[in-house]
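Residue numbers (numbering that gives the first Met the number 0): 0 to 508.
Here the structure comes first, spelled out in structure tokens, and everything after it is commentary.
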Amino acid sequence: MFNKVRVRFAPSPTGGLHLGGVRTVLYNYLFAKKNGGDFIVRIEDTDQTRFVAGAEEYIFNCLQWCGLQPDESVIHGGEYAPYRQSERKAMYRQYAEKLVEEGHAYYAFDTPEELDAMREKLKAEGSNSLQYDHSVRMKMNNSLRLLPAETQALLDSQTPYVIRIKVNPHEIISFTDMIRGDIDFDTNNVDDKVLLKADGMPTYHLAVVVDDYLMKISHAFRGEEWLPSAPVHILLWKHLFGLNHMPQWAHLPLILKPDGNGKLSKRDGDRLGFPVYAMDWTDPKTNELTKGFKEIGFLPEAFNNLLAVLGWNDGTEQELFSLEELVEKFSMERVHKGGAKFDFDKAKWYNHEWIKKLDVSHYQQRVKDIFAGKDIIITDDTRFAAVLNLVKDRCTLLTDFYTQASFFFKAPDAIDVPAIKPKWDDKKQLFFAELSRALELMPLWEQGQLENEFKEIAAANQLKPGELMLPFRVMLVGGKFGPGVFDIAASIGRQNTLQRISHAMALLA
RNA sequence: GCCGCGUUGGUCAAGGGGUUAAGACGCCUCCCUUUCACGGAGGAAUCACGGGUUCGAAUCCCGUACGUGGUACCA
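The structure is reproduced here in structure tokens:
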């Protein structure tokens with residue numbers, strides 16, 4: 000039975016790939032890989048999204064960065080092409096017409112104004128429901144109420160129409176969700192949803208069902224917001240293809256905003272200062288750039304990890320999981336039913352852990368690019384790797400490597416003079432002058448030697464090394480941070496060390 | 001309003017009749033470190049409420065509250 004797992008989603012109206020979207024894809028991927036199935040990603044081009052240039056490519060770039068490559072090409076070619084909804088229009092219509100013929104759907108000619116009027120009237124009557132359903136459809140302008148000849152006349156005269164599903168009342172529809180178990184719906188509460196729009200495009204309801212059937216999908220994951228429309232989809236499966244072909248559904252919990260309540264949106268990220276998209280996205284219409292996790296310095300390993308455990312855990316105390324481990328340990332039964340608030344601090348913690356855990360070779364090139372973007376061109380990769388190893392423990396984001404290590408490659412832009420000035424005196428001035436002379440003559444430029452020399456001169460001047468280390472550090476790195484001072488001096492070399500000392504002394508004098 | 005789904009510290013969460021109710025993030029204290037981190041030790045903080053069932057309920061049942069999603073020719 001097991002065949003294909005798919006995720007299907009439309010990019011947001013402005014483009015961009017949201018955290019929730021990536022997590023849905025991730026769970027699909029894990030489930031498919033664990034069970035030996037194919038993993039498919041399908042993207043819709045709907046009214047809202049089909050004109051967003053580059054959105055499809057962008058999404059696949061994001062998935063590639065995350066290491067979640069689909070098994071089937073979902074943009075071009077392949078057994079089930081075409082994939083774009085607009086290129087499949089004719090198929091959808093065919094199935095919609097079939098439903099009409101068999102009495103499970105009907106033509107509706109109501110104008111938007113008429114629909115508004117109907118809802119106003121229901122509201123005025125104090126009705127609980129404002130839906131277009133079994134209780135109102137015989138009062139509306141559709142092929143159920145009209146005589147066949149009247150319907151035909153409207154059709155012939157090119158009157159715009161939609162096709163709506165005909166939902167019979169007083170039925171219980173039930174299905175088993177992989178996460179939530181058995182769920183029942185009373186069809187009295189299900190309305191006659193539009194299946195085919197006036198412009199000939201299908202709604203999501205028709206498209207998912209038809210596509211899932213045609214593409215032989217066995218498992219379908221989607222966000223919890225789709226749960227209320229599940230009965231419509233089940234009815235369509237029943238009428239069109241038979242319930243025994245219907246995929247198994249999993250409705251994933253929502254990712255919520257950190258403060259207050261509600262679904263996490265791009266606006267929350269802007270407001271609270273963190274990304275919500277996987278990668279940078281520029282809206283082609285407005286040219287507005289939205290930052291992505293990749294660009295602010297996240298590792299894909301951390302990104303997958305933090306997303307996977309937002310709504311799932313393996314029941315042990317383990318927090319850090321590689322993709323391979325996730326594939327091995329993931330199970331749908333352990334996915335939560337309730338939504339989880341997104342916590343950016345914890346997200347950063349995962350990245351920090353992965354930076355520490357991974358060998359620097361995994362991200363050396365990316366850090367190199369970050370440096371290049373700030374006009375530091377790295378030529379010695381071996382030394383670069385050594386420096387990265389020296390500072391990786393104190394970097395939470397990849398971009399932190401710049402602040403933590405740029406001084407290894409160029410003199411600091413600014414010296415934190417106020418940090419040393421208050422305790423600066425002639426004795427220290429003298430010490431550093433003497434130190435400079437000694438360092439100039441030191442035969443071997445090496446960390447241990449440096450430290451010895453430093454301490455001997457300090458002792459000779461009756462100064463405690465402790466009072467001198469901080470000034471020395473600030474001279475070399477510009478501030479009160481960074482790895483061991485003598486490591487730094489050893490790494491940047493004699494020339495640079497001497498220059499930085501004299502530069503700072505001039506500022507302090 | 002109606003319908004669906006949910007509810008264990010501030011957040012992510014384990015636990016599914018008997019536990020001192022794990023662990024992680026964040027916060028605080030201390031140790032380590034002649035900087036900042038890392039690391040280590042500790043601390044504050046939780047079962048939404050009310051009724052049942054039971055010898056015993058965070059756990060099972062029923063209500064209530066709260067949250068959230070849907071209620072579109074959006075997905």
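Quick reminder that beta carbons are idealized off the backbone N, C-alpha and C, glycines included.
query                                                                                                              : result
Where residue 193 sits in the DSSP three-state scheme                                                              : strand
Inside the stretch 373 to 437 only - alpha helix (DSSP H) runs reaching at least 4 residues                        : 380 to 390 and 399 to 404
Closest by C-alpha distance to residue 68, when choosing among 95, 24, 106 and 52                                  : 24
The alpha helix (DSSP H) enclosing residue 231, as first and last residue numbers                                  : 229 to 239
Beta-carbon proximity of residue 194 to residue 164, cut-off 8 Å                                                   : yes
Continuous alpha helix (DSSP H) stretch holding residue 19: start and end                                          : 18 to 34
Range of the contiguous beta strand (DSSP E) that encloses residue 173                                             : 171 to 176
Spatial distance of residue 21 from residue 478 (CA atoms)                                                         : 39 Å
Assigned secondary structure, residue 247 (DSSP; H/G/I helix, E/B strand, else coil)                               : strand
Residue 104 burial status per 10 Å Cβ neighbour count (16 or more: buried)                                         : buried
Local Cβ density within 10 Å of residue 556, reported as buried at 16 or more and exposed below that               : In the structure as shown, the chain starts at 0 and stops at 508, and residue 556 therefore has no counterpart that could be examined.
Outcome for residue 291 when other beta-carbon atoms lying within 10 angstroms are tallied against a minimum of 16 : buried
CA-to-CA distance, residue 15 to residue 57, given in whole angstroms                                              : 8 Å
Identity of the residue in 245, 418 and 191 nearest residue 129 by Cα                                              : 191
Cα-Cα separation between residue 382 and residue 358, rounded to whole angstroms                                   : 15 Å
Rounded straight-line distance, which links the Cα of residue 406 to that of residue 482                           : 11 Å
Between the CA atoms of residue 265 and residue 474 - distance to the nearest angstrom                             : 42 Å
For residue 186, the nearest candidate out of 175, 180, 171 and 341 (CA to CA)                                     : 171
Whole beta strand (DSSP E) elements within the stretch 84 to 155, 3-residue minimum                                : 104 to 107
Range covered by the alpha helix (DSSP H) that runs through residue 270                                            : 265 to 271
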